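In this note's numbering, the protein residues as written are 9 to 121.
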């Protein structure tokens, strides 16, 4: 989530350098190049430098999250479906945290179910 919040703060930016993408996503340069070759993301060139659009950065953040559960080839091939699963997982985690906070509130205020 820390990386996503960085992206939210930098939302006005249109393009990111390769070094910034590496830092934000935690993915290696080699992995990013491989994903370009597989057609997962597209790069723009300016004066011989690679630039990545915000949507590419978001895809790479999703990729990094999904990489914990799926091999890279599956993620690239089934990205749209897996993206929905990742979103559901984030929602589930958020709802679990909210539920725990509500339970803790009730317990602290003597409203044990």
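Backbone N, C-alpha and C fix where the C-beta goes; we use that ideal spot for every residue, glycine too. These numbers were taken from a predicted model, which means no experiment stands behind them.
Query	Result
Whether residue 97 touches residue 70 by CB criterion (8 Å)	no
Residue environment, residue 88, which counts as buried when at least 16 other CB atoms sit within 10 Å	exposed
Same chain only: Cβ atoms within 6 Å of residue 59, ignoring 5 sequence neighbours per side	23 and 52
Assumed close pair residue 68, residue 33 - CB separation to whole angstroms, cut-off 8 Å	5 Å
Beta-carbon spacing of residue 50, residue 64 below 8 Å	yes
Beta carbon of residue 37 nearer than 8 Å to that of residue 62	no
Reduced DSSP category for residue 23 - H, G, I as helix; E, B as strand; rest coil	strand
Spatial neighbours of residue 120 in its chain, beta-carbon cut-off 8 Å, leaving aside the 5 residues before and after	114
Exposure label - residue 29; buried when at least 16 CB within 10 Å	buried
Counted within 10 angstroms of its Cβ, other Cβ atoms place residue 110 as buried (16 or more) or exposed	exposed
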